[in-house]
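Note that the sequence shown ends on residue 138 in the numbering used here; no numbers are left out.
Backbone N, C-alpha and C define an ideal beta-carbon position, used for all residues, glycine too.
Small disclaimer: the values here were computed from a predicted structure and weren't measured.
Notes follow the structure.
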Amino acid sequence: MYAIISDRNNQATVRVGDVVTCDLMDAEPGSTITFDQVLLIGNEGKVTVGKPLVAGAKVTAEVIGLHKGKKLIIFRFKRRKNVRRKTGHRQRYTQVRITGIEA
36 MYAIISDRNN
46 QATVRVGDVV
56 TCDLMDAEPG
66 STITFDQVLL
76 IGNEGKVTVG
86 KPLVAGAKVT
96 AEVIGLHKGK
106 KLIIFRFKRR
116 KNVRRKTGHR
126 QRYTQVRITG
136 IEA
């Protein structure tokens, strides 16, 4: 059984036991969260597509902890003007483990 969920305009295909990286949430490690926006559910060749969401479906997940993404380098310059600016950014994410899919 699998589902496609939408979390803050990011879509992910999930199965029970998968570890998914979501945008930073205000949740403690070990707590349980619920994804209510389920777009599609597939079960043994039978697919249920929502219009736009599947009614009564939800996906539960357990928060594992925080995670940092890879470092992005932003380099701006203007040619022949001796103008250079180098900055970096590391996005913070929340890792969750999918514990259940209910249709």
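For residue 106, the three-state DSSP class (helix, strand or coil):
coil
Evaluate residue 82 with the Cβ neighbour count: other Cβ atoms within 10 Å of its Cβ, from every protein chain shown; 16 or more gives buried, anything less gives exposed.
exposed
Identify which residue in 137, 75, 113, 126 has its Cα closest to the Cα of residue 107.
126
Once DSSP output is grouped into helix, strand and coil, what is the label at residue 47?
strand
Residues bridged to residue 53 (per DSSP)
Answer is none; residue 53 lacks a bridge partner.
Three-state secondary structure (DSSP) at residue 120?
strand
Please state whether DSSP places residue 89 in a helix, a strand or coil.
coil
Just curious, the beta strand (DSSP E) that residue 38 is in, first and last residue?
37-42
Per DSSP, what kind of secondary structure is residue 130 in: helix, strand or coil?
strand
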